[in-house]
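The letter at position 140 of the sequence shown is residue 136 when you use the numbering used here, and the numbering goes up by one with no holes.
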Amino acid sequence: MTADGWLLVETLTEDLEPALVADDARIREWIAPRRWPRALGAAKAKLLRDAVRGGESARLGDTVVVVEPVRCALGGTHGVQVWIGPADAPVPPRRHVAAWDWDARTELAHHGPGLEELIFAREPGAVRVVRTPPEAFGRMVRFDGRVDYFAMASTLEPGGRWQGAVDVLGDDEQVRRFQMVARARPELRRVSGLMHAVPELGGETVDLEVAMLRAVSKGVDVGAGLILLASGVIYEWVADPPPPLDRWAVERPTIDPADLTALRAACAELVHAPDTTRRLTLRVRFAEGEWIRAHAELATVTTAATGHGLLRVRPSVDGESG
């Protein structure tokens, strides 16, 4: 058997069959096990199926099967890298892959081992497991499929999935391209995913819509966040909120329940009335802090597909109402 590159199989949910999503740097579109023989050949397909099921490396005659699991932060395995080749052939360096989860109940992301070093080029001392959505999505300089991704992540329907390319700006100011693979897990109210580095596919692009929003928000003493109208989740700050709201850029605050209900109601209203604006008062509190009163304005993002809004926030002044 000839040696080829590493194969990447996602195992993001136990309820569905695993799918082959990459063959070395070649992106594969959710190839189910029944289609592996056509894609890889019958012999290799059987070895791959056994490797994914068993999860262990093995030697079968003159052929070796090397298995590398991709573990998540919550104790599971979200993918498997497999290399199949002659026993006397050198094993090539494996692909750079890491896992993540997003919890819809807490609206927080959980980054698996090696993820932040991979996608953000982050120093080990600055790595954290739990992140807010803006901390992750705010580093994406191009995310063409974000509308479809967020639709999947918001509805969390059985069988929901998304795959595409994203370009991420690292702490070293370098842009890197990744294959992002994600599945909805409605029984856990979670989205689970993989990030696979694919430098062979480039990565020097800019999301013009988000770049424009950043440009018009720059220099204004008001925070501007992209928000999902379906859920009220702020997934990126195109302009960080000013003090004392600045912690909102990296921390998910507690929002007064009545104000949160009002915000979600305003989001729902804008879905049906996209050319209008809503003004609100949001009382927010960060960990171990006092309640802060914020003035907010909500409008739809007209340059993108419907379903996304722009929430502008600043500290309220005395006597100001929503």
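Cβ coordinates follow ideal geometry from the N, Cα and C atoms, glycine included.
Just so it is clear, the structure is predicted and the values come from calculations on it, not from any experiment.
The bridge partners DSSP lists for residue 150 come to none. Taking the CA atoms as reference points, residue 117 sits about 14 Å from residue 107. As the crow flies, the alpha-carbon of residue 263 is around 40 Å from that of residue 22.
The shortest CA-to-CA distance from residue 126 to any of 252, 190, 279 and 105 is the one to 105. Taking a contact to require three or more Cβ pairs closer than 8 Å, the stretch 51 to 70 and the stretch 141 to 161 do not qualify as touching. In the three-state DSSP reduction, residue 281 falls in the strand class (E or B).
Residues 41 of the same chain have their beta carbon placed closer than 7 Å to that of residue 33, with the five preceding and five following residues left out of the count. Taking the Cα positions, residue 91 is about 47 Å away from residue 276. In the DSSP annotation of this structure, the continuous segment of the beta strand (DSSP E) that includes residue 232 starts and ends at 230 to 235.
Scanning the stretch 106 to 193 for uninterrupted beta strand (DSSP E) segments of 3 residues or longer gives 136 to 138, 157 to 165, 171 to 181 and 186 to 193, listed from N- to C-terminal end. Exposed is the label assigned to residue 89, since fewer than 16 other Cβ atoms lie within 10 Å of its Cβ. Only exposed fits residue 198, as fewer than 16 other CB atoms lie within 10 angstroms of its CB. In this structure, residue 135 sits away from residue 93, with a CB-CB distance that is not shorter than 8 Å. Under the Cβ criterion (8 Å, minimum of three pairs), the stretch 245 to 259 counts as touching the stretch 274 to 290.
Residue state for residue 221 is assigned as strand, using DSSP reduced to three classes. Under DSSP, residue 64 shares a beta bridge with 77. In the three-state scheme derived from DSSP, where H, G and I count as helix and E and B as strand, residue 195 is classed as helix. Look at residue 33 here: in three-state DSSP terms it is helix.
The C-beta of residue 11 has fewer than 16 other C-beta atoms within 10 Å across all chains shown, which makes the residue exposed. Taking each of 132, 120 and 255 in turn and checking the Cα distance to residue 288, the smallest one comes out for 255. Under DSSP, the beta-bridge partners assigned to residue 6 are 15 and 75. DSSP places residue 267 in the helix class (H, G or I) of the three-state scheme. Distance from the CA atom of residue 232 to the CA atom of residue 43, rounded to whole angstroms, is 42 Å.
Where residue 94 is concerned, there is no enclosing alpha helix (DSSP H), although the beta strand (DSSP E) around it starts and stops at 93 to 99.
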